[in-house]
Structure formats: structure tokens, C-alpha cells
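Using our numbering, read the sequence shown as starting at 127 and increasing by one per residue. In this text, a Cβ means the ideal position worked out from N, Cα and C, and glycines have one as well. Before any comments, here is the structure.
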Amino acid sequence: MDDIVRQAIAKWPNVPHCYGWLGLDARGNWYMRDDRIQAAGPFPQNKGSLLRHEKLVDFIHRNYDHDAQGQWFFQNGPQRVYVELELTPLVWRLDAAHEVTSHTGQGANARRCLVDELGRLYLDCDLGFGLVHTLDVMQAADAIEQGRWTPQEMPSAELPERFGYVCSPAALRPAAQRT
Numbered sequence: 127m128d129d130i131v132r133q134a135i136a137k138w139p140n141v142p143h144c145y146g147w148l149g150l151d152a153r154g155n156w157y158m159r160d161d162r163i164q165a166a167g168p169f170p171q172n173k174g175s176l177l178r179h180e181k182l183v184d185f186i187h188r189n190y191d192h193d194a195q196g197q198w199f200f201q202n203g204p205q206r207v208y209v210e211l212e213l214t215p216l217v218w219r220l221d222a223a224h225e226v227t228s229h230t231g232q233g234a235n236a237r238r239c240l241v242d243e244l245g246r247l248y249l250d251c252d253l254g255f256g257l258v259h260t261l262d263v264m265q266a267a268d269a270i271e272q273g274r275w276t277p278q279e280m281p282s283a284e285l286p287e288r289f290g291y292v293c294s295p296a297a298l299r300p301a302a303q304r305t
């Protein structure tokens with residue numbers, strides 16, 4: 127987390143959390159969701175505006191984390207912006223040498239490989255749990271064929287509970303905070 131963000135949290139510790147305004151899709155893309163988009167329905171059915179500003183995306187990546195309940199958020203200065211997830215909190219990229227990198231740019235070590243009922247491939251890594259990016263499935267298939275990973279089957283509905291993450295913090299926020 128950036129030092130300036132830590133300082134802002136210390137200076138303004140009681141800023142209310144924000145829900146529903148930021149989404150992460152299955153390809154590691156961030157979406158801003160204004161009031162109109164949120165009113166139109168949940169993420170990912172109503173994604174919002176794709177964030178393309180490189181410095182903003184980098185700032186989100188550096189300040190992306192999760193709380194004790196498995197809700198992932200972007201710490202925007204003193205305000206915690208909870209993230210709506212299409213599938214998983216991390217999206218893994220693989221290179222030709224099968225090195226794993228998160229959508230946030232952090233290197234990771236795969237501990238376990240899973241596949242769901244739709245054939246989507248996931249990795250449980252030292253940084254957390256995530257989906258293998260669709261563009262990198264061929265590299266993942268090579269790693270599996272070489273015996274580096276052995277996929278285990280698991281229904282997608284079981285993944286959030288098993289790996290401790292929440293797809294929609296907005297749906298779980300206290301009723302008093304809903305407007």
C-alpha cells in the first residue's frame with residue numbers, strides 16, 4: 127500500500143466505506159460503476175465504464191487488498207472502495223516459462239490447480255486465489271501436460287467459500303448503509 131494512503135487513513139480514520147462503485151471482470155479489467163449503472167443491476171451484468179487511465183489502474187493495483195471477511199477493496203486514500211468481482215479476486219497471467227503473475231503485476235507461486243464445470247482454470251497461489259486469464263490457457267495446458275500442475279475438479283459455486291472471498295461486498299453490506 128502506498129505511504130500516502132496509509133497517512134490518509136491515519137488522518138481520516140472514519141471515512142465511510144464505498145460499495146458497488148468498482149468492479150473487476152474475469153480478464154482483470156476494472157470498471158467504474160456510477161449510480162445509473164448500479165441502479166441498472168449488479169456486476170457483471172451491468173459493468174459500467176472500463177478504466178483505461180494507466181496511472182489510475184496502477185494506483186488501484188498498488189492499493190488492492192482484502193479484509194478479514196474476504197471482501198476485496200481498493201484503498202483510495204482514507205476511503206475503502208469494495209470491489210464487485212465477476213469471478214475471482216485475482217486474474218493470473220502466465221508467460222511461456224509458466225511463470226505466474228497477477229493482474230496487479232505481482233509474481234506468484236502456484237500451489238494448486240482447479241477446473242470448474244465450465245472448464246475454467248483457476249490457480250491457488252501464495253498471493254491468493256484467481257482465474258487463469260483466457261489468453262493464457264494454452265500456457266496453462268502446457269504446464270498441466272508437463273506435470274507441473276494437476277487440475278482438481280470443483281464446482282464454481284463452491285470456490286468463494288472454499289477460498290475465502292466475497293464476490294459482492296455490496297450485497298453483504300449492512301442494511302443501514304444501503305440507500
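{"Item": "Counting only the same chain and skipping the five closest in sequence on each side, list residues whose C-beta sits under 8 Å from that of L177.", "Value": "N155, W156, Y157, M158, V183, I186"}
{"Item": "In three-state DSSP terms, what is M264?", "Value": "helix"}
{"Item": "Please confirm if the segment 246-260 is in contact with the segment 203-217, defined as three or more CB-CB distances below 8 Å between the two stretches.", "Value": "yes"}
{"Item": "Less than 8 Å between the C-beta atoms of Q205 and V141, yes or no?", "Value": "yes"}
{"Item": "Do you know how far the Cα of P170 is from the Cα of D151?", "Value": "7 Å"}
{"Item": "With DSSP as the reference, identify every bridge partner of E88, one or two as the case may be.", "Value": "This structure does not reach residue 88, given that the chain is present from 127 up to 305, and the question cannot be answered."}
{"Item": "Considering only residues of the same chain and omitting the five flanking positions on each side of Y189, which have a CB-CB separation below 8 Å?", "Value": "At residue 189 the sequence reads Asn, which differs from the Tyr that was named. Once the five neighbours on either side are set aside, the close Cβ partners of N189 are M127, D128, V131, F200, Q201, N202."}
{"Item": "For the candidate residues G231, T227, D268, whose alpha-carbon lies nearest to that of D250?", "Value": "T227"}
{"Item": "Which word fits G146, buried or exposed, when buried means at least 16 other C-beta atoms lie within 10 angstroms of its C-beta?", "Value": "buried"}
{"Item": "Going by DSSP in three states, A152 sits in which element: helix, strand or coil?", "Value": "coil"}
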